[in-house]
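Protein chains in written order, with the numbering used here: chain Z, 904 to 1103; chain Y, 9 to 417; chain R, 1196 to 1287. Quick reminder that beta carbons are idealized off the backbone N, C-alpha and C, glycines included. For clarity, every value in this text was computed on a predicted model and none was experimentally measured. Structure first, then comments.
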Amino acid sequence: MHLSRGTKEWSDLKLASLQEIRWHGRGGQGAWTASELLAKAAILEGKYIQSFPEFGPERMGAPMRAFTRISDDPINLHCGIYTPGVVGVLDPTLLKTVSVAEGLAEDGVLVVNTRESPVELRKRINLDGRKLWTVPATDIATKILGRPITNTAMLGAVARASGMIDLKSLEKAVGERFPKKLAEKNIEVIREAYKEARSE
Amino acid sequence: MAITKQNLRALNGDEAVAYAVKQSDVDVVAAYPITPQTIIVERFSEYVHNGEVNTEFVCTESEHSALSMSLAASATGARVFTASASAGLALMHEILYVTSGCRAPVVMAIANRALSAPINIHCDHSDSMVERDAGWIQIYVENSQEAYDSTLQAFRIAEHSDLLLPTMVMLDAFFLSHTLESVNILADETVRKFVGTRKIPLIRGHGGKLVPFKLDPENPITMGPLDLHDYYFEHKRQQEEAMQRASGIIKEIHDEYARISGRKYGNGLIEPYRLEDAEIATVCLGSTAGTTKTVVDQLRSKGIKAGLLRLRTYRPYPVEDIINALENVKAIAVMDRSHSFGAQGGPVFHEIRHVLYDASIHPPVVNYIYGLGGRDMPQSLIHEIYKDLQKILETKRVEKPVQFIGVRE
Amino acid sequence: MTTEKKGWKEIPIAGVCWRPTTDYLTGDWRTFKPVRDKEKCNRCLMCHVFCPDGAITWNSETEDIGFNYDYCKGCGICKNECPQEAIEMVLE
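Here it is as structure tokens:
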């Protein structure tokens, strides 16, 4: 998008402890919930948080994005996230049509739901120097939950790949969000995905 | 009063407003859903369903009816809340004037959204800016925490016996309404004490008898009847007098709330940010002020004397406070998230220039129309504005007093 | 990939769209596809009446019902309404 003016000059001025995460999913896959659960887990750790969705046409299956901000200091920013440090992709079919790595910081990490290994996947996508992790989230979710809702699996993988959140906090946030049986299963999903996530 | 114990939660702006309404022992909520205010009424209807509140909840057939019902309920002495946005607020337009004319202290949350056509569900201030003449107190919040805090304060402000003016609390669509943030919630008992119950003042009714200012078969009165040219003007003069009193009262209630919550928003009317020795400054409302604070910090870290003036209370317009705050600034940019087509610039720009006309110093004041229809206002564009201000400072010239920023040419 | 967005000088006024809605083949939103058993079907046309997208039509040449899969979103209302239970929703 061309804006009438704009500059990249200031984008290097990072705010001390601010972390920005972008999630890619299709409507109905739980990317928005993933962004919220991460925020709610971070608030349990005493952080300041923000989480918000961004929809195109609002229908099941349409590509959408969600965002999370985590900081030790109060967050004043109320604009979009353009240079996330972490990007999570809940649906591998999005790789064909969405530039999921756009804006990802130079030292950032991309976490993708796919059966492929990171080495294999890197051949297919344009990632430059940034780090890549993969996790077979759909398989894990289908195995444990019986449904291919990959958000909690992706949370486990992102926790492992980024080190930005404690597993215990995620589990507590999940416990507060879902009824008991479903929460237990989702916690199992998070733990399995945390284990199964691979880097290069 | 000491800062009271609070509970930290992750809530979005709409949920924060709904929670404040829940704690405020509201008697009637009559509302109609419209994106992005829907979460307020949905959440509140859950509280009603679960028996967590003792509120008569009515889903009316339109916003015009929602406000008519709210006005009527308020006139009987009930504490009333409603919410709307964009086209819904526009549909209420006629009744906004009736509500303020009847001096009914209705509290309404507005999730600022653009007006059609084309249809847009995202953030801009067009909907509430156009209602600034309707005689309502207007407060714009910067984040979800302030949305919670201001809703609680709004009941006290509106119902104050020296005011009796309906009050709107504005929060930006999606940037605040649907954005989860860290919100500190006061304890129920603390809110109960702060908000209290609605006290009805006395008024001279039939035969000069002092009766409560509410519709009551025991002491019948009429509110808002036909006025001819011999009395309408006097009634409007009274309304203006109440508005003049509002500034002091808003500040008092803000300060009282600051003592129990530990949170201040400037003096309640305006929030200056690093303005004391600022040479260049912007004036802004709503969530963009937050992003601008970060930009100001970045500029200050490079030794640039930048500042920000956030207007929190828009009606009554804080004339003296604005003049004092901007008095030493050498170049000012006003950011408008709405526009008056055909006028030279947006409403906030007009009113800032207007109050500075009587001030002793006249720095250049320029206007940027931004963010219409939810167009994002990133830090980079705000930096552009401050760069322009620096250029104005150096060259002592204004190239363009009014510009659109962030639009594709 | 999305196309380059236009500036304000290039677009028609009043938000007039430069492409008709029929250009958007909403059939690709589908997860399940309606499949009709021609033996069970008695051509009552209830599916045509209830289809919210107008994606089921009567073809007068073949004298048979036609499903337009370019626009069928797979909502399943036709299967729900068919009195002969002649329609099945099949995962694509």
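Minimum C-alpha distance to Y/GLU106 - residue among Y/MET77, Y/GLY85, Y/CYS131 and Y/GLY96: Before going further, note that residue 106 of chain Y is Val rather than Glu in the sequence given. Checking every option, the nearest Cα to that of Y/VAL106 belongs to Y/MET77.
Comparing the C-beta of Y/LYS313 with each C-beta of chain Z, is any distance below 7 Å? Judged by the 7 Å Cβ criterion, Y/LYS313 is not in contact with chain Z.
Residue burial classification, Y/GLN246 (beta-carbon count within 10 angstroms, cutoff 16): exposed
Which residues, taken in chain order from the region 381-407 of chain Y, show a beta carbon closer than 7 Å to some beta carbon of chain Z? ASP384, MET385, PRO386, GLN387, SER388, LEU389, HIS391 and GLU392
Beta-carbon contacts of Z/ASP915 that lie in its chain and below 7 Å, excluding the five residues immediately before and after: Confidence in Z/ASP915 is poor, its pLDDT being 44 and thus under 50, which makes the residue's placement too unreliable to answer from.
Give a yes or no on whether the C-beta atoms belonging to Y/SER295 and Y/GLU150 are separated by under 7 Å. Yes, the Cβ-Cβ distance between Y/SER295 and Y/GLU150 is below 7 Å.
Against chain Y, does R/GLY1159 count as a neighbour if the rule is that its beta carbon must be under 7 Å from one of theirs? Outside the shown range of chain R (1196 to 1287) lies residue 1159 of chain R, about which nothing can therefore be said.
Return helix, strand or coil for Y/LEU79, following the three-state DSSP convention. helix
Can a CB atom of chain Z be found closer than 7 Å to the CB of Y/THR187? yes
Within 7 Å of any Cβ in chain Z, is that where the Cβ of Y/THR43 sits? no
Of all the options Y/HIS237, Y/TYR378, Y/ILE47 and Y/ASP235, which has the alpha carbon lying nearest to the alpha carbon of Y/ALA297? Y/TYR378
With distances taken between CB atoms, is the gap from Y/VAL44 to Z/CYS982 smaller than 7 Å? In the sequence as presented, Val is not what sits at residue 44 of chain Y; that position holds Pro. No, they are not a contact pair.
Same chain, Cβ closer than 8 Å to Y/ASP196, neighbours up to 5 away in sequence not counted: GLN31
May I have the straight-line CA-CA distance separating Y/GLY109 from Y/ILE47, to the nearest angstrom? If you take the alpha carbons of Y/GLY109 and Y/ILE47, they lie about 30 Å apart.
Look up Y/VAL415 in the DSSP assignment and give the residues it is bridged to. The partner list for Y/VAL415 (beta bridge, DSSP) is empty, contrary to what the question assumes.
Checking contacts by CB at 7 Å: is R/ALA1281 closer than that to chain Y? no
Got a sec? Which residues, its chain only, sit under 8 Å from Y/GLY389 by beta carbon, not counting five neighbours each side? First, the amino acid is wrong: residue 389 of chain Y is Leu here, not Gly. Within the same chain, Y/LEU389 has close Cβ partners TYR378, ILE413 and GLY414.
So for Y/LEU277, helix, strand or coil by DSSP? coil
Partners in chain R for Y/TYR125, counting only beta-carbon separations shorter than 8 Å: At residue 125 of chain Y the sequence reads Ala, which differs from the Tyr that was named. In chain order: ALA1209 and GLY1210.
What does Z/GLY964 reach in chain R if we use C-beta pairs closer than 7 Å? TRP1224
Residue(s) in a DSSP beta bridge with Y/ALA38: Y/VAL66
Whole-Å CB distance - Y/ALA81 paired with Y/VAL36, under 8 Å assumed: 4 Å
Output needed in chain order: residues of the region 935-953 of chain Z with a Cβ under 7 Å from some Cβ in chain Y. Per Cβ criterion, the list reads GLU939, ALA942, LYS943, ILE946, TYR951, ILE952 and GLN953.
Which of the three DSSP states is assigned to Y/GLN246 in this structure? helix
Contact check, Z/THR1055 vs Z/VAL1092, beta carbons under 7 Å: yes
Is the shortest distance between the beta-carbon of Y/THR90 and the beta-carbons of chain Z less than 7 Å? no
For Y/ARG416 and chain R, any beta-carbon pair shorter than 7 Å? yes
Cβ neighbour criterion (16 or more within 10 Å) applied to Y/PHE241: Exposed, because fewer than 16 other Cβ atoms sit within 10 Å of the Cβ of Y/PHE241.
Starting from R/CYS1242, follow the beta strand (DSSP E) in both directions and report where the run begins and ends. Taken as a continuous stretch (DSSP letters only), R/CYS1242 belongs to no beta strand (DSSP E), being part of the alpha helix (DSSP H) at 1241-1245.
Compute the Euclidean distance between the alpha carbons of Y/ILE340 and Y/LEU334, then round it to the nearest angstrom. The alpha-carbon atoms of Y/ILE340 and Y/LEU334 are separated by roughly 8 Å.
To the nearest angstrom, report how far apart Y/GLU402 and Z/GLN953 are at their CA atoms. 38 Å
Buried or exposed: where does Z/GLU939 fall if 16 or more other Cβ atoms within 10 Å of its Cβ makes it buried? buried
Given a limit of 7 Å on CB to CB distance, which residues of the region 288-319 of chain Y reach chain Z? So the list reads SER295, THR296, GLY298, THR299, LYS301, THR302 and GLN306, given in the order they occur along the chain.
Close beta carbons around Y/LEU123, own chain, < 7 Å, minus the five adjacent residues each side: SER94, ALA95, ALA98, SER134 and ASP135
Compare the Cα-Cα distances from Z/LEU980 to each of Y/GLU189, Y/ARG320 and Y/PHE357 and report the closest residue. The candidate whose alpha carbon is nearest that of Z/LEU980 is Y/GLU189.
Give a yes or no on whether the C-beta atoms belonging to Y/ALA181 and Y/THR175 are separated by under 7 Å. no
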